[in-house]
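Sequential numbering from 3 applies to the sequence shown in the numbering used here. Encoded as structure tokens, the structure appears first; notes follow it.
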Amino acid sequence: RRGITMKTFVARPYQEIFRDVLRPTDFDMRDQIHPPSIERRFTPKPHDVMRWKEGPGPTFDAAEAEEQVRTRYVRTVPPIQQTLKRLKSRQTFQNMVRVLRKRGWRDWHILTALMNVALNHRIHKSGEVSDAAMHDLTKRFLNEGELAGDHPIPANVFTIKALEAALQTSWIHTIRNNNLDLHQETPDFPAIGKFLAVRYRYWQIDAPHEDPFA
């Protein structure tokens with residue numbers, strides 16, 4: 003009478019299922035049942051395989067990490083040598099250096115960020131848009147350094163916010179320097195920062211050097 007489809011079709015009307023599952027007495031109790039509080043503390047317990055690892059990274063080598071830092075002290079100054087001379091004479095810059103050092107920044111962190119901000123500024127001002135042209139311009143400053151005749155970069159370009167963003171961007175290069183691959187189209191910088199801090203001692207590694215900001 004109702005046709006063959008009613009014998010084979012697995013779905014049923016919501017009203018039917020509701021009546022089958024919930025008894026009238028249970029339905030009447032609905033106002034007495036309260037859901038768990040959204041403020042209830044809940045600590046997830048991950049499986050051992052998924053648990054966060056806090057030991058050294060798979061490619062971490064303390065001696066190699068220190069050598070990388072020594073290299074940074076050598077290579078980050080020439081591209082900003084003229085800019086650095088001008089900045090060091092400004093009290094606002096010295097105050098910024100003190101703030102960053104109190105936050106745990108090593109001098110090589112500050113130099114790396116300064117260099118990246120300076121390079122980005124020069125590339126932007128050059129008007130170059132092709133990858134090849136930007137690569138050549140970057141290579142020129144990294145290899146030849148900043149010359150006395152280069153257009154001076156305004157001091158107000160170097161803000162703490164700009165330095166923080168520039169240092170985060172450099173983490174991609176740091177990951178690759180440690181023979182690791184980043185499989186994120188949009189980098190999760192907080193996660194990358196935690197990974198480098200815990201497993202690659204990013205904020206601890208340093209090398210003997212003269213004060214570059216004195």
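Note that CB positions come from ideal geometry on N, CA and C, so glycine has one too.
Cut-off 8 Å between Cβ atoms - residues of its own chain near residue i, not counting five sequence neighbours on either side
i: G59; result: N180, L182, F197, R201 and Y202
i: S172; result: T114, A115 and N118
i: K90; result: Q96, F215 and A216
i: T140; result: L121 and I125
i: T78; result: W110, L113, T114, L116 and M117
Contact check, residue i vs residue j, beta carbons under 8 Å
i: A157; j: R103; result: no
i: V119; j: A150; result: no
i: V76; j: F215; result: no
i: F143; j: L169; result: no
i: R178; j: T114; result: no
i: A209; j: R105; result: no
i: G147; j: P81; result: yes
i: A67; j: I207; result: yes
i: D109; j: H211; result: yes
i: H123; j: V159; result: yes
Straight-line Cα distance separating residue j from residue i
i: T161; j: E69; result: 28 Å
i: I155; j: E187; result: 31 Å
i: I19; j: P26; result: 13 Å
i: I6; j: A13; result: 14 Å
i: P46; j: Y204; result: 28 Å
i: K87; j: I40; result: 55 Å
i: I174; j: F44; result: 34 Å
i: D127; j: H49; result: Note that residue 127 is Lys in the sequence shown here, rather than Asp. Computed Cα separation, rounded: 51 Å.
i: V192; j: M52; result: Per the sequence shown, residue 192 should be read as Pro rather than Val. Their backbone Cα atoms lie some 19 Å apart in a straight line.
i: Q34; j: W54; result: 41 Å
i: A167; j: D213; result: 23 Å
i: M31; j: Y16; result: 20 Å
i: V23; j: R42; result: 29 Å
i: W107; j: S132; result: 33 Å
Contacting residues, own chain, Cβ-Cβ under 7 Å from residue i (five flanking each side not counted)
i: R152; result: At residue 152 the sequence reads Asp, which differs from the Arg that was named. Cβ within range, chain order: Q84.
Cβ neighbours of residue i in the same chain (closer than 6 Å, five flanking residues each side left out)
i: F62; result: Y202
i: E56; result: V200
ask   = Can you give, in chain order, each stretch of the alpha helix (DSSP H) that sits fully within the region 41-106 and has at least 4 residues?
value = Counting only runs of 4 or more residues that sit fully inside the region 41-106, the alpha helix (DSSP H) segments are 64-77, 83-90 and 93-104, in chain order.
ask   = What runs of the alpha helix (DSSP H), each 4 residues or longer, lie entirely inside the region 144-185?
value = Counting only runs of 4 or more, we get 162-179.
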